[in-house]
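Residue 1 is where the sequence shown starts when you use UniProt numbering, and the numbers rise one by one after that.
One structure is given here, and the rest of the page talks about it.
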Amino acid sequence: DGDHLSMQAWCYWNKDDLSDMESIRSYIFNKINYIEFNSTLGKFVGYTKLGIYNADIFNKDTAQLQALKAEVETVCKPNVEGYYSVVLSKT
């Protein structure tokens, strides 16, 4: 019973040099992905009425958008480079 809110952060890439790295943040309320930030798009996208409303508000905060886009370089790539050196290069 009750409500559940979660945020999932993902880093996606295909190329070994990580040049196509993408960061996705999904905000999920009661199992419904209602809003998402995509670093490639550089903005929030809403998937429900509330998500669309919030995306319009969040996309006006250019400082926050830049900080989230920067997570590709500050969070994703450093972590993946660590995994490459410890795990992925051994497989």
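For every residue, glycine included, the Cβ atom is placed at its ideal position computed from N, Cα and C.
Using 10 angstroms around the beta-carbon of residue i, count the other beta-carbons present and answer buried if the total reaches 16, otherwise exposed.
i, result
"Gly46", "buried"
"Ile57", "exposed"
"Ala55", "buried"
If you reduce the DSSP assignment to three classes, tell me which class residue i lands in.
i, result
"Asn14", "coil"
Check the DSSP bridge columns for residue i and list the partner residues they point to.
i, result
"Tyr27", "Met7 and Ile35"
"Glu81", "Answer is none; Glu81 lacks a bridge partner."
"Glu73", "Partner(s): none; Glu73 has no beta bridge."
Taking 8 angstroms as the threshold (C-beta atoms), are residue j and residue i in contact?
i, j, result
"Ser39", "Leu68", "yes"
"Trp13", "Val80", "yes"
"Val87", "Met21", "no"
Ends of the beta strand (DSSP E) at residue i?
i, result
"Gly46", "Lys43 to Gly46"
Just reading off the alpha helix (DSSP H) that residue i is part of, what are its end residues?
i, result
"Asp56", "Lys49 to Phe58"
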